[in-house]
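Those letters in the sequence shown? Residues 211 to 282, per our numbering, in order.
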Amino acid sequence: MQPDPRPSPPADAAQSTTKPVARIYFACANRYITVLDGRPDGSIARCPQCGRSNRLPPRTETSGDRFFEIAC
Ligand SMILES: [Zn+2]
Numbered sequence: 211m212q213p214d215p216r217p218s219p220p221a222d223a224a225q226s227t228t229k230p231v232a233r234i235y236f237a238c239a240n241r242y243i244t245v246l247d248g249r250p251d252g253s254i255a256r257c258p259q260c261g262r263s264n265r266l267p268p269r270t271e272t273s274g275d276r277f278f279e280i281a282c
């Protein structure tokens with residue numbers, strides 16, 4: 211009796227958790243950027259056009275993405 215060759219389980223099977231992100235539309239750059247949104251005190255989003263840093267409001271949810279529009 212020969213052992214069955216089994217495929218190894220997918221490596222990402224245990225990594226089903228996705229990090230929350232914040233999507234920000236910068237009006238002055240006319241671009242969307244995505245930043246990791248894991249900081250409870252508010253993540254920093256930097257405008258790709260003028261370089262101004264904007265602190266996002268603190269998270270109240272534990273999961274889910276957020277969307278912001280910033281005009282700097
Ligand atoms: Zn800007």
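For each residue, glycine too, the CB sits at the ideal point set by N, CA and C.
(request) Kindly list the residues whose CB is nearer than 6 Å to the CB of residue 245, restricted to its own chain and excluding five residues on each side of it in sequence; keep chain order. (result) Result list for residue 245: 232, 253, 255, in chain order.
(message) Following a CB-centred definition, is residue 239 positioned closer than 8 Å to any heavy atom of ligand 1?
(response) yes
(message) Rounded to the nearest angstrom, what separates residue 224 and residue 214 at their Cα positions?
(response) Bear in mind that the predicted position of residue 224 carries a pLDDT of just 48, short of 50, making it unreliable; the figure below should be weighed with that in mind. So the alpha carbons of these two residues sit roughly 24 Å apart.
(request) Using three-state DSSP, classify residue 271 as helix, strand or coil. (result) When DSSP states are grouped into helix, strand and coil, residue 271 belongs to the coil group.
(request) Report the rounded CA-to-CA distance for residue 263 versus residue 248, giving the unit in angstroms. (result) 17 Å
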